[in-house]
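Student: Reminder that position 15 of the sequence shown reads as 503 in our numbering, one-by-one numbering, no gaps.
First, the structure itself, so that you have it in front of you.
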Amino acid sequence: MTVFERWWIWRVRAACVLALARRGGDALVGDACTEASWYADMMHPWDGRGCEPAARVYAWLSILAARGTLAEGRYSLDHRQHQH
């Protein structure tokens, strides 16, 4: 993974975490990170030596993004219900 790719991934991860925090606070961030770690460990085991494999990093990000999408949908639905 290049330095640029690592920087990009760091930015995407930060954006995902911020979006999760806005929708569900620390509890949602913690839960999503736990799920992402579990999924990455299951699908792309890594012994911690060398650079983390790209497939593992992308698997981790995919869970954060999916949880963000779910949280956004729940927020939108809750917001609409409270308006009526």
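Cβ coordinates follow ideal geometry from the N, Cα and C atoms, glycine included.
In this text the structure is predicted, and so the values were computed from the model without any measurement.
To the nearest angstrom, how far is it from the Cα of residue 525 to the Cα of residue 497?
Tutor: C-alpha separation (whole angstroms): 15 Å.
Student: Is the CB-CB distance between residue 548 and residue 501 below 9 Å?
Tutor: In contact: residue 548 and residue 501 (Cβ atoms closer than 9 Å).
Student: Taking only three categories from DSSP, how would you classify residue 521?
Tutor: Reduced to three states, the DSSP call for residue 521 is helix.
Student: Per DSSP, what kind of secondary structure is residue 514 in: helix, strand or coil?
Tutor: In this structure, residue 514 counts as helix in the three-state DSSP scheme.
Student: CA-CA distance, residue 514 and residue 540?
Tutor: Computed Cα separation, rounded: 25 Å.
Student: Given a cut-off of 9 Å, decide if residue 516 and residue 506 are closer than it, judged by their beta-carbon atoms.
Tutor: Cβ distance not < 9 Å, so residue 506 and residue 516 don't count as in contact.
Student: Taking the straight line between their C-alpha atoms, what separation do you get for residue 559 and residue 511?
Tutor: About 6 Å.
Student: Less than 9 Å between the beta carbons of residue 543 and residue 531, yes or no?
Tutor: A contact, by the Cβ cut-off of 9 Å.
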